[in-house]
Amino acid sequence: MSDGHGLSRRYFLRAGALAAAVLAGIGAKAAPRIAAADIDALMARMTLAEKLGQLVQARGERNDTGPHVPAGSEADVRAARVGSFLSVYGAETTRRLQRIAVEETRLGIPLLFADDVIHGFRTIFPVPLGEAASFDPAAAERAARIAAIEATANGLHWTYAPMVDMARDPRWGRVVEGAGEDVELACRFAEARVRGFQGRRLSDPDAMLATAKHFVAYGAVEGGRDYDVADVSARRLAEYHYPPFRAALAAGAGSVMVAFNEVNGVPMHANRELLRDVLRGEWHFDGLIVSDYTGIRELVAHGVAANDLDAGVLAMEAGVDVDMVSAIYTGALPAAIDEGRLDVGLVDAAVRRVLQAKAALGLFENPYRNCDPVRARRETLRREHRMVARDLARKSFVLLQNEGQLLPLPKTLRTVAVVGPLADDRRSMLGSWAPTGVAADAVTPREGIAAALGSAARVLHGAGGEAALAAARAADAVILCIGEDWDMSGEARSRVLLDLAPDQQALADAILALGKPVATVVFAGRPLTIGKLAARAPAILWAWYPGVEAGSALADILFGDVSPSGRLPISMPRHVGQIPVHYDHRSTGRPASETERNSAKYVDAPRTPLYPFGHGLGYSAVRYEALQLSSERISADDTLEVGFWIANEGRYVIEEVVQLYLRDDIASTTRPVKALKRFARIPLAPGERKHVRFTLGSSDFELLDKNLAPIVEAGSFTLLVGGSSATVLEGRFIIAGDRGGGRRFGGCDDAVHAFGAQ
Ligand code: BGC
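Shown next, in the form of structure tokens:
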């Protein structure tokens, strides 16, 4: 044990005592941390190599037996060449490495362990797009909380979630990771997930640092090709791509990940204007900025850096603190500093933010806070966690159509065929971002349905071809499970065709031709073009990838124990050629019209999607009526109360997702034909009638003027209400008098907080 180590021990004891006294903000919540002065004192003792080591994120490797560290990692930790690890977890493994960092390095600085805990750690929840279909941010917050409880019990401190990229292009495989096409929905889910991951206080042992990613416009890549170019206007950035980041930061997200793509000619890992000027400057974000995987090295392939040294300098100058996997900061920055090409002050600022993150997590006081195998065993895949996953899966299913009330099916069925390639595909139930999940934990549709029907019923199965058809022929009813397997959506899974695979379409055609009751369940990480299927299949349930409780949740819905309540968070196109098709488009000077030849439409297909944003049926019909506004004329700073009645006209207990949209009828810049402003899940018993009330305020009436300043303009507004974006009630009000802006870049919220406020 070196002298230095002894000193650092004393230093951290002192820091620990100070921590209780010194509170600084992580978002709105105060978290104990060591004082800035203590971090300065620590930094004063660090060599340049030790500082750069803090910026290095080394990667673990995963194989069938779980994560492990590559050869040489322990020596790197011992030599203080690593500040954090990606994809290394497990209470024992992280304790072993943490012990080396704390006990065997000169300064004893603890490591951070990071991973992609996207929709669950071991208890896998529906994929994020599926969670968004619940229109229930509180449920997503619960899921993120459980994910953090499990992940932190297994050694992790830092998650690369929530992904808050906006996207209107389902060819892009990463739509599965986001919250869909709508800004309001995305903001509410972004902040809910941050709250869930980070918990009450980051220093709590079950809280983990959340990361809003990928900054920015990653979902705007040309042609829906992953990693490709994004060419977006300043208005589109401000109105569409920024707000969910601002919502995540306002909720206290402690880190941001940089996007792989370029924006308007500048790769994000070298984009000073957007990282330093906008994210840090205008938004005052002072948390950690982490590169994406080898994102710094990729500046060479982008063609803006000649070599690693250039790439390292560009990224550091742009404001990227942590170098995930490229190993460029340690390799290239010492030479850049020697040659006078890089201001060492930038390195210091990045190191300070890494140390502040470690302090905010309480790692200086308790470096082993996440390394307890007993806690890991107790907290992982608890029964209660699975129940929450089942509830969320049920809420995520979207019933697209249900002709002749084919669903729910009676539980008295004696022979049921559960067929198709996804009917018993365990791995696919977990979805695309479940690296810490275990396929064996998942309940498949075949199993869930068999369990729900009990031993009196026979459940026949065939994955495809003649076996599936034979099962269907022998059954009283068929549940056809088709779609994309888990590996067809996600990162680097862009598609030009969104049709069902030809063999699946043929199977569906053959089964639907049998004349039996057939419920079609589609598993997918994105909208698909299912016009052919929709023309023949009476009942279609969109199930996304539901997680570990897939089959049980599916049975709950198919047999009517629970009425479906999910809504589409993204429009379902009829054809790939319509993309982007989204509900909140502008009217144009020649709005699409069936009778007007020269209008904004196609000659060979309708303008509208197959199913619109917000669409989803339940087992009871719901009537909307009596829209009332508190006033028909308000001033720009007033609030407006909007009330209406909904009634359950059917025999089932339901949860109705009510949706309120707004249109600014005349404005100085063009506005969407409607924009979601409020939504809520309302439980309704059979025959029950309820009054629903929302309050709108001036930020709801805001638009960005020609200079992108938020402003409320006088004039008329239309309110639209219904159970989908195809709204059924309409009202109008007037705002008398403008309210000027002054601030730039409006969005979900203006308060931006992170740790390390200087
Ligand atoms: C993805 C990120 C992810 C990272 C680490 C990258 O390829 O773009 O979303 O967090 O890998 O696994």
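Here numbering that gives the first Met the number 0 is used: position 527 in the sequence shown is 526, and no number is missing along the way.
Note that CB positions come from ideal geometry on N, CA and C, so glycine has one too.
All values derive from a computational prediction rather than experimental measurement.
Determine whether the beta carbon atoms of residue i and residue j lie at a separation below 8 Å.
| i | j | result |
| --- | --- | --- |
| residue 730 | residue 656 | no |
| residue 414 | residue 474 | yes |
| residue 236 | residue 177 | no |
| residue 247 | residue 216 | no |
| residue 187 | residue 160 | no |
| residue 782 | residue 179 | Absent from the structure is residue 782, since the part of the chain shown begins at 0 and ends at 757. |
| residue 737 | residue 713 | yes |
| residue 378 | residue 152 | yes |
| residue 660 | residue 679 | no |
| residue 155 | residue 100 | no |
| residue 649 | residue 685 | yes |
| residue 758 | residue 328 | For the chain, the structure presents residues 0 to 757; residue 758 sits outside this window and is missing. |
| residue 552 | residue 374 | no |
| residue 388 | residue 546 | yes |
| residue 57 | residue 81 | yes |
| residue 86 | residue 66 | yes |
| residue 588 | residue 523 | no |
| residue 651 | residue 613 | no |
Please state whether DSSP places residue i in a helix, a strand or coil.
| i | result |
| --- | --- |
| residue 705 | coil |
| residue 253 | coil |
| residue 122 | coil |
| residue 642 | strand |
| residue 738 | strand |
| residue 188 | helix |
| residue 460 | strand |
| residue 8 | Because residue 8 carries a pLDDT of 36, less than 50, the predicted location of this residue cannot be relied on, and the following value inherits that uncertainty. DSSP places residue 8 in helix when its eight states are reduced to three. |
| residue 767 | With the chain running from 0 to 757 in the structure shown, residue 767 is simply not present. |
| residue 762 | An answer regarding residue 762 cannot be provided, because it is not within the stretch 0 to 757 covered by the chain. |
| residue 515 | coil |
| residue 655 | strand |
| residue 682 | strand |
| residue 165 | coil |
| residue 382 | helix |
| residue 283 | coil |
| residue 218 | helix |
| residue 288 | strand |
| residue 45 | coil |
| residue 262 | strand |
Please find out if some non-hydrogen atom of ligand 1 comes closer than 7 Å to the beta-carbon of residue i.
| i | result |
| --- | --- |
| residue 227 | no |
| residue 267 | no |
| residue 490 | yes |
| residue 371 | no |
| residue 298 | no |
| residue 291 | yes |
| residue 610 | no |
| residue 111 | no |
| residue 212 | yes |
| residue 196 | no |
| residue 259 | yes |
| residue 85 | yes |
| residue 571 | no |
| residue 115 | yes |
| residue 159 | yes |
| residue 165 | no |
Going by DSSP, what residues sit across from residue i in a beta bridge?
| i | result |
| --- | --- |
| residue 401 | 538 |
| residue 522 | 482 |
| residue 359 | DSSP output for residue 359 lists no bridge partner at all. |
| residue 634 | 735 |
| residue 293 | None, per the DSSP bridge assignment. |
| residue 212 | 162 |
| residue 716 | 663, 732 |
| residue 83 | 56, 111 |
| residue 90 | Bridge partners of residue 90: none, in fact. |
| residue 693 | 641 |
| residue 710 | 702 |
| residue 157 | 113, 208 |
| residue 647 | 621 |
| residue 616 | 398 |
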